[in-house]
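> One structure, pasted below without further comment.
Residue numbers (full-length UniProt numbering): 1 to 150.
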């Protein structure tokens with residue numbers, strides 16, 4: 001797979017824009033406060049989630065971990081958890097990508113090496129499903145492998 005574009009998505013095509021309003025007097029405008037909700041977009045994150053078909057109520061957490069996810073988080077972290085896992089993973093991944101950055105012509109012509117670099121770390125879903133079933137582990141229903149024409 002080769003992604004030639006280096007542009008980011010246009011957020012104006014994704015997030016609904018509210019109409020701009022001109023106040024009757026410019027003195028009625030509040031002082032700008034970076035990082036704080038403004039008059040035009042009081043709830044931008046909730047609006048974006050709703051526009052994409054999600055539930056804005058799901059964003060309201062009752063603490064760092066929503067109570068609905070507490071059991072899952074406790075089970076997943078039963079052997080301990082590293083609060084700095086994101087930082088260490090980011091550093092390890094940057095070092096891995098530096099070691100696997102591709103050949104000189106691939107870099108010159110911006111050939112995407114992402115899938116090749118991580119190929120050894122990807123999971124073959126069908127093979128793993130068959131392995132687990134052979135061991136007698138109950139697995140959920142999986143789509144069949146696409147049939148090849150004769």
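C-beta atoms are modelled at their ideal positions from N, C-alpha and C, and glycine is treated no differently.
Where does residue 70 sit, in a helix, a strand or coil, going by DSSP?
As a position in the chain shown, residue 70 is number 70, starting the count at 1. Residue 70: helix per DSSP, three-state reduction.
> Using the C-alpha atoms, what's the distance from residue 50 back to residue 18?
Within the chain shown, the letter at position 18 stands for residue 18. Within the chain shown, the letter at position 50 stands for residue 50. About 14 Å.
> Is the distance from the Cβ of residue 121 to the Cβ of residue 113 below 8 Å?
The sequence position of residue 121 within the chain shown is 121, counting from 1. The sequence position of residue 113 within the chain shown is 113, counting from 1. In this structure, residue 113 does not lie closer than 8 Å to residue 121 by Cβ.
> Using beta-carbon positions only, say whether residue 45 and residue 59 come within less than 8 Å of one another.
In the chain shown, the residue the question calls residue 45 occupies position 45. In the chain shown, the residue the question calls residue 59 occupies position 59. Yes; because the gap between Cβ atoms is below 8 Å, this pair is in contact.
> For a quick check, are the C-beta atoms of residue 117 and residue 103 less than 8 Å apart?
The sequence position of residue 117 within the chain shown is 117, counting from 1. The sequence position of residue 103 within the chain shown is 103, counting from 1. Not in contact: residue 117 and residue 103 (Cβ atoms no closer than 8 Å).
> Would you identify the three-state DSSP class for residue 50, choosing helix, strand or coil?
Taking the chain shown and counting its residues from 1, the one referred to as residue 50 is at position 50. It is helical.
> Taking residue 94 as part of the alpha helix (DSSP H), name the residues at either end of that continuous run.
The residue labelled residue 94 in the question sits at position 94 within the chain shown. Note, residue 94: alpha helix (DSSP H), 85-99.
> Where does the unbroken alpha helix (DSSP H) through residue 104 begin, and where does it stop?
Looking up residue 104 in the chain shown gives position 104. Element bounds for residue 104: 104-108.
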